[in-house]
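Peer 1: In the working numbering, the protein residues as written are 516 to 764.
The following block contains the structure:
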């Protein structure tokens, strides 16, 4: 299924949401409307897997090799959910975990599901070596400052290989609000941002690491934005009216 592009008018109406605001959006969605974190994570993973299959695999993931960089939080859980779906479509997945001892319960649940399917941690080599695609879910919109050493090492290794990179929400290492490209930042081929665009993704300085930008619905009710007084409220009904994924740029 071909993914449509947002019009200039739709992009202009779709206000960006800062990292701090996105945290409020997530909390309001969960506490106010009963949409669980796992539900949103599953939606993110489903959309990331679809974009991976359609954009990089010509619609067929069978026989493809996917490497997965997963952090301990929501983005990590999202890419693990995507890996599970791609595995179910015939792809071979290998996983690198950053700070596995600090995994959130939701991310740990996603990893446990993958393990039950026989997917294991990579035991050798660099992420991206020999892969058809690398999924980046190390860091998300809560990043402030430089990535710590364990994340920075994985980011540097991923950037050193030739595999295309599909980033979940934003490239790991990119400042979500200001678009500052830290010294170690994932150089994504494609970025799938979730629910609403983050200001940093739209900064001119970030274009080289964001690559193609897509926007995905993860089940946030448009009423959430209105509840929080965010300008994105009116636009979100129209943005996902025809598809859960839209190309931004």
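All C-beta atoms, glycine included, are put in the ideal place defined by N, C-alpha and C.
For the candidate residues 517, 730, 657 and 686, whose alpha-carbon lies nearest to that of residue 533?
Peer 2: The option with the nearest alpha carbon to residue 533 is 657.
Peer 1: Quick check: the stretch 646-654 against the stretch 577-587, are at least 3 beta-carbon pairs closer than 8 angstroms?
Peer 2: Taking 8 angstroms as the limit for Cβ pairs, the verdict is that the stretch 646-654 does touch the stretch 577-587.
Peer 1: Since I believe residue 708 is in contact with residue 685 (beta carbons under 8 angstroms), could you give me their beta-carbon distance rounded to a whole number of angstroms?
Peer 2: Right, the Cβ-Cβ distance comes to about 6 angstroms (below 8 angstroms), so this counts as a contact.
Peer 1: Pop quiz: residue 669 and residue 584 are said to be a contact at Cβ under 8 angstroms. What is the actual Cβ separation, rounded to whole angstroms?
Peer 2: Yes, they are in contact, since the Cβ atoms of residue 669 and residue 584 sit about 6 angstroms apart, within 8 angstroms.
Peer 1: Rounded to whole angstroms, how far is the Cβ of residue 733 from the Cβ of residue 555, which I believe are closer than 8 angstroms?
Peer 2: With 8 angstroms as the limit, residue 733 and residue 555 qualify as a contact, their Cβ atoms being about 5 angstroms apart.
Peer 1: Could you name the residues that DSSP lists as bridge partners for residue 729?
Peer 2: In DSSP, residue 729 forms a bridge with 707 and 762.
Peer 1: To the nearest angstrom, how far is the alpha carbon of residue 716 from that of residue 587?
Peer 2: Approximately 22 angstroms between the Cα atoms of the pair.
Peer 1: Is DSSP giving residue 637 helix, strand or coil here?
Peer 2: Residue 637 falls in the coil class under three-state DSSP.
Peer 1: By the three-class DSSP mapping on this structure, what secondary structure does residue 628 have?
Peer 2: Note: residue 628 maps to helix in three-state DSSP.
Peer 1: Am I right that residue 766 and residue 761 are in contact with their C-beta atoms under 8 angstroms? What's the rounded C-beta distance?
Peer 2: Since the first and last residues shown for the chain are 516 and 764, residue 766 lies out of range.
Peer 1: Using only the alpha-carbon positions, how far apart do residue 808 and residue 524 sit?
Peer 2: Coverage of the chain is limited to positions 516 through 764, which leaves residue 808 absent and any answer about it impossible.
Peer 1: Can you round the beta-carbon distance between residue 698 and residue 661 to whole angstroms, since I take them to be within the 8 angstroms contact cut?
Peer 2: Contact flag correct, Cβ pair sits at about 7 angstroms.
Peer 1: When burial is assigned at 16 or more other CB atoms within 10 Å of the CB, is residue 687 buried or exposed?
Peer 2: Looking at its Cβ environment, which holds 16 or more other Cβ atoms inside 10 Å, residue 687 is buried.
Peer 1: Count the other CB atoms, across all protein chains shown, that sit within 10 Å of the CB of residue 609; report buried if there are 16 or more and exposed otherwise.
Peer 2: By the neighbour-count rule (16 or more Cβ atoms within 10 Å), residue 609 is buried.
Peer 1: Residues in the same chain with beta-carbon distance under 8 angstroms from residue 703, minus the five sequence neighbours each way, listed in chain order, please.
Peer 2: Excluding residues within five positions, the ones whose Cβ falls inside 8 angstroms are 651, 680, 681, 682, 686, 724, 725 and 726.
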